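K.L.:
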Amino acid sequence: MPTLETHVDGLTLPNPFIIGSGPPGTNAKVIGMAFEKGWGAVISKTISLDASKVVNVAPRYARMRAQGSREVIGWENIELISDRPFDTWLDEFRQIKATYPRGVLIASIMEEYQKDAWIEIVERTQETGVDAFELNLSCPHGLPERRMGAAMGEDPELVEQVCSWVCQAAKIPVWAKLTPNITHIVDPGRAALRAGCNGLSAINTILSVMGIDLETLRPQPTVEGYSVPGGYSCKAIRPIALRMIMELATMMYGGGSGAPISTDGTSALPGEMPDRSLSAIGGVETGEDAAQFILLGAQTVQVCTGVMIHGYKLIDELCNGLLAFMQKHGFETIDDFRGHSLQFFTTHAELVRRQAEVKAAERAAREGMVTKDTAWEGDKFVEQSDRLVSND
Ligand SMILES: Cc1cc2nc3c(=O)[nH]c(=O)nc-3n(C[C@H](O)[C@H](O)[C@H](O)COP(=O)(O)O)c2cc1C
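In terms of this note's numbering, the sequence shown opens at residue 1071 and continues consecutively.
And the structure:
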């Protein structure tokens, strides 16, 4: 029987499925529910030192459904980080760790661009016994006005600076959560790892405008007739998340079992940070979705919107689906297939070269031309020789 047990940055998770930062990890009650249902770990809703600056609006979500169906495929939010006081969160972290000592609890933290603030939030939060930090360098809306979230995450220099402040103070593993609202996600990823982070998480939501109501002519979600661009999540973003995880994993782990690609597309590049971890996020709702992220190098897989749509019981389907995939292929552990599919990415020039090679071989076979010495046959020897002559 395969095992889903996952080891990452010194932490042991019963399975690789983590509640991603957001409403499903927004207070002690719901975090407790996640542990009861069997989630591998929980990342809290993002917290900051001064919650009084956080003022949410309602409505703050808008959904995209598949044409002609009730199925939700895209989800936009204009929600901010937690509006609950920092001290309340510290009490709840202690309480959760007392009730679920083996539950892996990761605190998502965010601060303004000030060294003292980052050091204070790290030191006071880690005293509660949380197991790791995720740095929110990535929320695309609301907080960039205060130079927080994606405003930091899109600038590799700021990322490196903030991560090095945090890593100086942190005694537990630190993951940097990256924004997809950038052309080259590898640049801030590399900066965070260079500063000492143990791992990367990607992706946060994609900046979006969900739609315009054609009756009122107002953008959605509409608050007193107005709106702002928000963060897009759910299964519609999965292909973008897969691409970004592929890019980050290629930078971190490089070749391995034969992964990408030098400029001629033929040889493997060495990884730059093979000992760091990668947590994938974006549109996961099934074990098969998760398997794809692990095949691209992720150790763990986070789910946020999926829990808002299907509830905490989704963990059963996630585990069963991933186990069924592993059984089908004879994989015993997550590491047996982690990163396996990276080797099949290459350059476009190499695709063209491979296709030309296959076509040439097919043409030779069609025309009965011998291209390998093993193809010579005694009774067709003369005929085969004739076919190889070019100037008759
Ligand atoms: C309503 C909502 C609130 C979120 N709040 C946070 C947050 O506080 N901190 C954070 O790092 N990410 C937050 N996220 C982003 C998610 O953690 C995740 O990165 C993103 O939604 C993509 O994953 P998904 O498709 O599984 O939701 C939020 C997402 C949603 C939908």
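Glycine included, each C-beta is placed from N, C-alpha and C at the ideal position.
It should be emphasised that the depicted structure is a prediction, and the values quoted were computed from it without experimental measurement.
Along the alpha helix (DSSP H) that carries S1455, what are the first and last residues, could you check?
P.N.:
Translated into positions along the sequence shown, residue 1455 becomes position 385. Unbroken alpha helix (DSSP H) run through S1455: 1451-1457.
K.L.:
Rounded to a whole number of angstroms, what is the C-alpha to C-alpha distance between T1417 and R1424?
P.N.:
Residue 1417 sits at position 347 when you count from the first residue of the sequence shown. Residue 1424 sits at position 354 when you count from the first residue of the sequence shown. Distance between the alpha carbons of T1417 and R1424: 11 Å.
K.L.:
Going by other Cβ atoms of all chains shown within 10 Å of its Cβ, with 16 needed for buried, is W1446 buried or exposed?
P.N.:
On the sequence shown, position 376 is the one that residue 1446 refers to. Around the beta carbon of W1446, fewer than 16 other beta carbons lie within 10 angstroms, which makes this residue exposed.
K.L.:
Could you name each continuous beta strand (DSSP E) segment of 3 residues or more that falls completely within the stretch 1345-1433, going from the start of the chain to the end?
P.N.:
1347-1351, 1370-1373
K.L.:
For V1371, does the count of other Cβ atoms within 10 angstroms reach 16, so buried, or fall short, so exposed?
P.N.:
On the sequence shown, residue 1371 is found 301 positions in, with the first residue counted as 1. V1371 comes out buried.
K.L.:
Is the stretch 1431-1440 close to the stretch 1109-1123, with three or more CB pairs under 8 Å?
P.N.:
With the cut-off at 8 Å, the stretch 1431-1440 and the stretch 1109-1123 do not touch.
K.L.:
Bridge partners for G1295 per DSSP, in chain order?
P.N.:
Here residue 1295 refers to the residue found at position 225 of the sequence shown. Beta-bridge pairing links G1295 to no other residue.
K.L.:
Does the distance from the CB of L1175 to the CB of K1167 come in under 8 Å?
P.N.:
On the sequence shown, position 105 is the one that residue 1175 refers to. On the sequence shown, position 97 is the one that residue 1167 refers to. Between L1175 and K1167, the C-beta gap is smaller than 8 Å, which places the two residues in contact.
K.L.:
What residue from E1294, E1227, C1304, M1396 has the CA that sits closest to G1092's CA?
P.N.:
Residue mapping note: residue 1092 aligns to position 22 of the sequence shown, counting from 1. Checking every option, the nearest Cα to that of G1092 belongs to C1304.
K.L.:
Of the choices I1282, R1308, A1311, whose alpha-carbon is the least far from that of V1298?
P.N.:
One-based indexing of the sequence shown puts residue 1298 at position 228. The option with the nearest alpha carbon to V1298 is I1282.
K.L.:
For F1156, which of P1171, M1103, T1096 has the nearest alpha-carbon?
P.N.:
Taking the sequence shown and counting its residues from 1, the one referred to as residue 1156 is at position 86. With distances taken between Cα atoms, F1156 lies closest to T1096.
K.L.:
For Q1137, count neighbouring C-beta atoms within 10 Å of its own C-beta (all shown protein chains included) and say buried if the count is 16 or more, exposed if not.
P.N.:
Taking the first residue of the sequence shown as 1, we reach residue 1137 at position 67. Exposed, by the Cβ-count rule.
K.L.:
I'd like the span of the alpha helix (DSSP H) that includes A1098, first residue to last.
P.N.:
Against the sequence shown, residue 1098 aligns to sequence position 28. Run containing A1098: 1098-1107, per the alpha helix (DSSP H) assignment.
K.L.:
Can you list, in chain order, the residues of its chain with a C-beta nearer than 8 Å to that of Y1170? Leave out the 5 residues immediately preceding and following it.
P.N.:
Against the sequence shown, residue 1170 aligns to sequence position 100. Only G1102, F1105 meet the Cβ criterion.
K.L.:
Can you give me the Cβ contacts of I1252 inside the same chain, cut-off strictly under 6 Å, excluding the 5 residues immediately before and after it?
P.N.:
Reading the sequence shown from its first residue, position 182 is the one you call residue 1252. Closer than 6 Å at the Cβ level, and outside the excluded window around I1252, lie E1224.
K.L.:
Taking the CB atoms as reference points, tell me whether K1247 and L1277 lie closer together than 8 Å.
P.N.:
In the sequence shown, counting from the first residue as 1, residue 1247 sits at position 177. In the sequence shown, counting from the first residue as 1, residue 1277 sits at position 207. No, they are not a contact pair.
K.L.:
Would DSSP call W1245 helix, strand or coil?
P.N.:
Your numbering for residue 1245 matches position 175 in the sequence shown. Note: W1245 maps to strand in three-state DSSP.
K.L.:
Specify the secondary structure class of S1178 as computed by DSSP and reduced to three states.
P.N.:
As a first step, residue 1178 must be located in the sequence shown, where it is residue number 108. Three-state DSSP puts S1178 in a strand.
K.L.:
Assign M1180 to one of two classes, buried (16 or more other C-beta atoms within 10 Å of its C-beta) or exposed (fewer than that).
P.N.:
Taking the sequence shown and counting its residues from 1, the one referred to as residue 1180 is at position 110. When all chains shown are included, M1180 counts as buried.
K.L.:
What are the start and end residues of the beta strand (DSSP E) that includes Y1131?
P.N.:
Here residue 1131 refers to the residue found at position 61 when the sequence shown is read from its first residue. Note, Y1131: beta strand (DSSP E), 1131-1135.
K.L.:
In the DSSP output, which residue or residues are listed as bridge partners for P1340?
P.N.:
Indexing the sequence shown from 1 puts residue 1340 at position 270. Partner(s): G1324.
K.L.:
Go to W1446, then tell me how far its alpha helix (DSSP H) extends in each direction, as first and last residue.
P.N.:
The residue given as residue 1446 occupies position 376 in the sequence shown. No alpha helix (DSSP H) contains W1446, which DSSP labels as neither H nor E.
K.L.:
Where does A1419 land, buried or exposed, given buried means 16+ other C-beta within 10 angstroms?
P.N.:
Residue numbering aside, residue 1419 sits at position 349 when the sequence shown is read from its first letter. Looking at its Cβ environment, which holds fewer than 16 other Cβ atoms inside 10 Å, A1419 is exposed.
K.L.:
Suppose you measure from the CA of S1332 to the CA of A1361; what does that come to, to the nearest Å?
P.N.:
Taking the first residue of the sequence shown as 1, we reach residue 1332 at position 262. Taking the first residue of the sequence shown as 1, we reach residue 1361 at position 291. Because the pLDDT at S1332 is just 46, under 50, the model does not fix this residue reliably, and the point stays unresolved.
K.L.:
Within 7 Å: the Cβ of I1166 and any heavy atom of ligand 1?
P.N.:
By one-based count along the sequence shown, residue 1166 stands at place 96. Not under cutoff, so the answer is no.
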